[in-house]
Amino acid sequence: MWVQRIVSNFVILIFILSLSLAFVHGKMVVSSECKDIIAVGNATAGNYNLLLKVRDPSRPGPQVLCIIPAGYKYSYSLPSWRERMKEFEVKHAFIGVVTKGDSPPNIVKPGIALSDAGIAYGDADSPSYWINPSPNAWDDFDWIRYACQSADNEDDAVEMLTVDAVDKLHAPAVSENLFVVGPKEAYVIEADAVRYNVKKVNDICVMTNYPKELWKYRITKRIFIANSFDTTKEENVKKGSIIHLGALLGTKVVDVSENGVTLRLFPFGKIVSIKEGKGAVVSPFWIEVSECNNGRARIKMMYKFNAWEQEMKKRVMEHYGEITVQDMMNWSRLHSNDLNGLRGMCERENKSAAVCKVPYEHADKLSCMWFSPDQCSSIFIPVHICCRDVYEPYKNGDAAELSKKILKKFGHGGFSDYASMVERVLIREVDFAENVSKEMINRGVDISDFMTSIDMEMQKQAFLTEKFVIRIKDEGDTIPLVWSQSYEQSLMNFAIFSQNLEKEDVTVLGEIAKSIARLKYLEFQKMGFMDENRYNLYENGMSSIDNGNFREGFLTIYNFLTDAVSTNNKLTNDNNFSIMIIIAIFIVFLTISQMAKRIK
Numbered sequence: 007m008w009v010q011r012i013v014s015n016f017v018i019l020i021f022i023l024s025l026s027l028a029f030v031h032g033k034m035v036v037s038s039e040c041k042d043i044i045a046v047g048n049a050t051a052g053n054y055n056l057l058l059k060v061r062d063p064s065r066p067g068p069q070v071l072c073i074i075p076a077g078y079k080y081s082y083s084l085p086s087w088r089e090r091m092k093e094f095e096v097k098h099a100f101i102g103v104v105t106k107g108d109s110p111p112n113i114v115k116p117g118i119a120l121s122d123a124g125i126a127y128g129d130a131d132s133p134s135y136w137i138n139p140s141p142n143a144w145d146d147f148d149w150i151r152y153a154c155q156s157a158d159n160e161d162d163a164v165e166m167l168t169v170d171a172v173d174k175l176h177a178p179a180v181s182e183n184l185f186v187v188g189p190k191e192a193y194v195i196e197a198d199a200v201r202y203n204v205k206k207v208n209d210i211c212v213m214t215n216y217p218k219e220l221w222k223y224r225i226t227k228r229i230f231i232a233n234s235f236d237t238t239k240e241e242n243v244k245k246g247s248i249i250h251l252g253a254l255l256g257t258k259v260v261d262v263s264e265n266g267v268t269l270r271l272f273p274f275g276k277i278v279s280i281k282e283g284k285g286a287v288v289s290p291f292w293i294e295v296s297e298c299n300n301g302r303a304r305i306k307m308m309y310k311f312n313a314w315e316q317e318m319k320k321r322v323m324e325h326y327g328e329i330t331v332q333d334m335m336n337w338s339r340l341h342s343n344d345l346n347g348l349r350g351m352c353e354r355e356n357k358s359a360a361v362c363k364v365p366y367e368h369a370d371k372l373s374c375m376w377f378s379p380d381q382c383s384s385i386f387i388p389v390h391i392c393c394r395d396v397y398e399p400y401k402n403g404d405a406a407e408l409s410k411k412i413l414k415k416f417g418h419g420g421f422s423d424y425a426s427m428v429e430r431v432l433i434r435e436v437d438f439a440e441n442v443s444k445e446m447i448n449r450g451v452d453i454s455d456f457m458t459s460i461d462m463e464m465q466k467q468a469f470l471t472e473k474f475v476i477r478i479k480d481e482g483d484t485i486p487l488v489w490s491q492s493y494e495q496s497l498m499n500f501a502i503f504s505q506n507l508e509k510e511d512v513t514v515l516g517e518i519a520k521s522i523a524r525l526k527y528l529e530f531q532k533m534g535f536m537d538e539n540r541y542n543l544y545e546n547g548m549s550s551i552d553n554g555n556f557r558e559g560f561l562t563i564y565n566f567l568t569d570a571v572s573t574n575n576k577l578t579n580d581n582n583f584s585i586m587i588i589i590a591i592f593i594v595f596l597t598i599s600q601m602a603k604r605i606k
């Protein structure tokens, strides 16, 4: 027992010294909760690479988008003890996910970025004391911006993030895991102010706020937690047994029953009970209990983030060869209870997420960022790198504030199924618009204005849908499933539900329908499909909605999209409308049956 007391006192002493060192540096070294998933090459479902970044902003506030054009100039200090201002000029336009206020005229602080070189950037803090302590040291956002605004390709990006930022400038004020995904290559960089490790990703990578290759330089982790990131120990234990991973902290077995094991962190910590065949987090460790018998148990112990990475990799590998943008969105919404108590991809309120899709061809124009100001309570919206603007609520923070209202109303996971329904339609329509854009590119036509309009209409549809949902929720009614598998089916649902909704609610659906019509009008124009009949349907549908004839307007826009009627056979007459009601109700029934739960 005296040995345990000595070890316990020694651990406490080192812990206090570590805290003191943190305060001497003037800052606490605290881990954020960013998570990144890369899927490239044969892992994805098509000719594109993917990066998901879930952002836990160290600069809290509404998460917004900004577009920084090529040629934009700003002044910023080089990392040093005294201020040494340098003028920078943006070579490659980029889209950034920032906290409101971290965009021009202020310094851009992107936690996620996508450049017109077709390169996506993400990060996850990996706290250590190997930092530049000067007042002008660069944070992770400065680090990303430095490479994003100038790198022509993946190799350039890696060199700027390592050789330039670390070897030459020793710039970092925080240790980082950096993620670079382009059309040809993808890399993970572990780095601090004095060293780095670069690893090429050939298929998938899952990572959050921890070192792996640089673990040996993180003294506190080696002293307290484990010899290495992947150290694992499997042992037979009994009451009183203590297990370590080659470090001071460990787990002590408090009791062993026929059904499970009770443990606590050694030398001090709360009690955790784990049933046979289950696992649980015990402070920094993950413990699995495989069997219990006659006062003994077989347990397996590892660092909890090692267990997290294994669990997430297992889920990602189940989709290997078929990984899509939708999969990344779904993974971003996993909660701790989905992952056996390990870190959730979705946690608390201050968060956002983006999925960057980088195609092998035309990456400089058709790379797309799917952004959500809160992945748990908002719909992902597309922004292509060629776009000149973004719908205002996603720039001024209104979309982020609306997502907070939805989160409070529905709770974690309560809006996810509804959002996914809308996203499936938007992803389908983006694929269609990108095919139109490819034809335009092949003809030498600039697609910037076209894709800006397409994306902004989809952004508007997502925002209006969220406003519609929160209105219905405030009224205390069941949320109708107005979105279906396509624009066409959704418009039929609009027509059906318009009969029973309040006028203010139907008016919101009317604005969504008009946005859909404008989007398809643009596409039909570029494709040469805008004949007189389609044009008349478009004008009549828009006019009907503006005049308050919502049912007629929805059905006319449906006809505009399908062009399946003639002037002698319109769906707006009562007989055919009754037939379409039956068909649409059947579609709605099928949709509901496929959902895990219905939002109420």
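Those letters in the sequence shown? Residues 7 to 606, per the numbering used here, in order. Glycine residues also receive a C-beta, built at the ideal position from the N, C-alpha and C atoms. None of these values were measured; they are calculated from a predicted model.
- request: Please go through the region 161-196 and give each complete beta strand (DSSP E) segment of 3 or more residues, from N-terminal end onward.
  value: 182-187
task: Would you mind working out which of 218, 248, 223 and 243 sits nearest residue 237, comparing C-alpha positions?
output: Reading the sequence shown from its first residue, position 231 is the one you call residue 237. Measuring from the Cα of residue 237, the nearest candidate turns out to be 218.
DSSP-derived helix/strand/coil call for residue 460: The residue you call residue 460 lines up with position 454 of the sequence shown. In this structure, residue 460 counts as helix in the three-state DSSP scheme.
- prompt: If you count every other CB in all the chains shown that lies within 10 Å of the CB of residue 87, and 16 or more means buried, which is it?
  reply: Start at 1 with the first residue of the sequence shown, and residue 87 comes out as number 81. It is exposed - the Cβ of residue 87 has fewer than 16 other Cβ atoms within 10 Å.
- request: Answer yes or no: do residue 120 and residue 375 have a C-beta to C-beta separation smaller than 8 Å?
  value: One-based indexing of the sequence shown puts residue 120 at position 114. One-based indexing of the sequence shown puts residue 375 at position 369. For residue 120 and residue 375, yes; Cβs fall inside 8 Å.
message: Applying the 10 Å Cβ sphere with the 16-neighbour rule, what's the burial state of residue 151?
response: One-based indexing of the sequence shown puts residue 151 at position 145. Result: buried.
message: Can you check which of these residues, 440, 240, 349 and 324, is closest to residue 295 by C-alpha distance?
response: By one-based count along the sequence shown, residue 295 stands at place 289. Nearest of 440, 240, 349 and 324 to residue 295, Cα basis: 240.
- prompt: Which partner residues does residue 256 have in the DSSP bridge list?
  reply: Locating residue 256 in the sequence shown gives position 250, where the first residue counts as 1. Per DSSP, 250 and 272.
field: Distance CB(residue 562)-CB(residue 539) smaller than 8 Å
entry: As a position in the sequence shown, residue 562 is number 556, starting the count at 1. As a position in the sequence shown, residue 539 is number 533, starting the count at 1. No. Outside cutoff.
message: With a threshold of 8 Å, are at least 3 pairs of Cβ atoms found where one atom belongs to the region 70-79 and the other to the region 394-413?
response: They touch, by the three-pair rule.
- request: Kindly indicate the opening and closing residues of the beta strand (DSSP E) around residue 411.
  value: Residue mapping note: residue 411 aligns to position 405 of the sequence shown, counting from 1. Note, residue 411: premise wrong, no beta strand (DSSP E); alpha helix (DSSP H) at 404-416.
query: Is the region 42-53 in contact with the region 204-216, if contact means three or more CB pairs nearer than 8 Å?
result: Contact holds: three or more Cβ-Cβ distances are below 8 Å.
task: Could you spell out the range, first to last residue, of the alpha helix (DSSP H) harbouring residue 444?
output: Here residue 444 refers to the residue found at position 438 of the sequence shown. Per DSSP, residue 444 belongs to the alpha helix (DSSP H) from 422-448.
- request: Kindly give me the distance between the Cβ atoms of residue 270 and residue 258, rounded to whole angstroms, as I take these residues to be in contact under 8 Å.
  value: Here the question's residue 270 lines up with position 264 in the sequence shown. Here the question's residue 258 lines up with position 252 in the sequence shown. So it is a contact: roughly 6 Å between Cβ atoms.
task: Please determine, among 49, 50 and 59, the residue with the shortest C-alpha to C-alpha distance to residue 379.
output: Sequence index remark: in the sequence shown, residue 379 carries index 373 (1-based). Measuring from the Cα of residue 379, the nearest candidate turns out to be 59.
field: residue 573 versus residue 542 - alpha carbon distance
entry: Along the sequence shown, one-based indexing puts residue 573 at 567. Along the sequence shown, one-based indexing puts residue 542 at 536. With a pLDDT of 33 at residue 573, under the threshold of 50, the predicted position of this residue should be treated as unreliable, though the coordinate-derived value follows. Cα to Cα, residue 573 sits roughly 10 Å from residue 542.
- prompt: Which value, in whole angstroms, describes the spacing of the CA atoms of residue 199 and residue 548?
  reply: As a working note, residue 199 is residue 193 in the sequence shown. As a working note, residue 548 is residue 542 in the sequence shown. For residue 199 and residue 548, the distance between alpha carbons rounds to 58 Å.
message: Please return the same chain residues whose Cβ sits closer than 7 Å to the Cβ of residue 47, not counting the five positions on each side in sequence.
response: In the sequence shown, counting from the first residue as 1, residue 47 sits at position 41. Correct list, in chain order: 208 and 209.
- prompt: What is the rounded straight-line gap between the Cα of residue 504 and the Cα of residue 475?
  reply: Indexing the sequence shown from 1 puts residue 504 at position 498. Indexing the sequence shown from 1 puts residue 475 at position 469. Rounded to the nearest angstrom, the two C-alpha atoms are 14 Å apart.
- prompt: Expressed to the nearest angstrom, what Euclidean distance is found between the alpha-carbon atoms of residue 402 and residue 306?
  reply: Along the sequence shown, read from residue 1 onward, the residue named residue 402 stands at position 396. Along the sequence shown, read from residue 1 onward, the residue named residue 306 stands at position 300. Taking the straight line from one Cα to the other gives about 49 Å.
query: Quick one: what does DSSP say residue 102 is sitting in, helix, strand or coil?
result: Taking the first residue of the sequence shown as 1, we reach residue 102 at position 96. Reduced to three states, the DSSP call for residue 102 is strand.
message: Please report the straight-line C-alpha distance between residue 437 and residue 484, rounded to a whole angstrom.
response: Reading the sequence shown from its first residue, position 431 is the one you call residue 437. Reading the sequence shown from its first residue, position 478 is the one you call residue 484. If I take the Cα positions, the gap works out to 32 Å.
query: In chain order, what residues of the same chain lie with their CB nearer than 7 Å to the CB of residue 93, ignoring the 5 residues before and after it?
result: Against the sequence shown, residue 93 aligns to sequence position 87. Contacts found: 79 and 81.
message: Measuring straight from C-alpha to C-alpha, what distance separates residue 77 and residue 114?
response: Numbered from its first residue, the sequence shown carries residue 77 at position 71. Numbered from its first residue, the sequence shown carries residue 114 at position 108. If I take the Cα positions, the gap works out to 14 Å.
- prompt: What did DSSP end up calling residue 154 once you bin it into helix, strand or coil?
  reply: Within the sequence shown, the letter at position 148 stands for residue 154. In the structure shown, residue 154 sits in a helix (DSSP, three-state: H, G or I).
Residue 514 - DSSP class collapsed to helix/strand/coil: Locating residue 514 in the sequence shown gives position 508, where the first residue counts as 1. The three-state secondary structure of residue 514, taken from DSSP, is helix.
field: Three-state class that DSSP yields for residue 505 in the structure shown
entry: Numbered from 1 along the sequence shown, position 499 holds the residue referred to as residue 505. Looking at residue 505 - three-state DSSP - the assignment turns out to be coil, as it is neither helix nor strand.
- request: Tell me, please, which residues DSSP counts as bridged to residue 390.
  value: Here residue 390 corresponds to residue number 384 of the sequence shown, with the count starting at 1. DSSP output for residue 390 lists 374 as bridge partner(s).
task: Assign residue 366 to buried or exposed, taking buried as 16 or more other Cβ atoms, counted over all protein chains shown, within 10 Å of its Cβ.
output: Your numbering for residue 366 matches position 360 in the sequence shown. By the 10 Å Cβ count, residue 366 comes out exposed.
field: Beta-carbon proximity check, residue 371 vs residue 447, cutoff 8 Å
entry: Here the question's residue 371 lines up with position 365 in the sequence shown. Here the question's residue 447 lines up with position 441 in the sequence shown. Going by C-beta atoms, residue 371 is nearer than 8 Å to residue 447.
- request: Would you kindly check if the distance between the Cβ of residue 61 and the Cβ of residue 134 is under 8 Å?
  value: Position 128 of the sequence shown, counting from 1, holds the residue named residue 134. Position 55 of the sequence shown, counting from 1, holds the residue named residue 61. No. Outside cutoff.
- request: Could you check what DSSP says for residue 365 in three-state terms: helix, strand or coil?
  value: Translated into the one-based positions of the sequence shown, residue 365 becomes position 359. Strand at residue 365.
message: I want to know whether the region 177-193 touches the region 129-149 - three or more CB-CB distances under 8 Å.
response: Touching, per the Cβ criterion.
query: Counting Cβ pairs closer than 8 Å, one from the region 413-431 and one from the region 462-476, do we hit at least three?
result: yes
- prompt: Below 8 Å between beta carbons: does that hold for residue 248 and residue 272?
  reply: If you number the sequence shown from 1, residue 248 lands on position 242. If you number the sequence shown from 1, residue 272 lands on position 266. Yes. Within cutoff.
- prompt: Got a sec? Which residues, its chain only, sit under 6 Å from residue 349 by beta carbon, not counting five neighbours each side?
  reply: In the sequence shown, the residue the question calls residue 349 occupies position 343. Cβ contact annotation for residue 349 (same chain, cutoff 6 Å, sequence separation greater than five): 314, in chain order.
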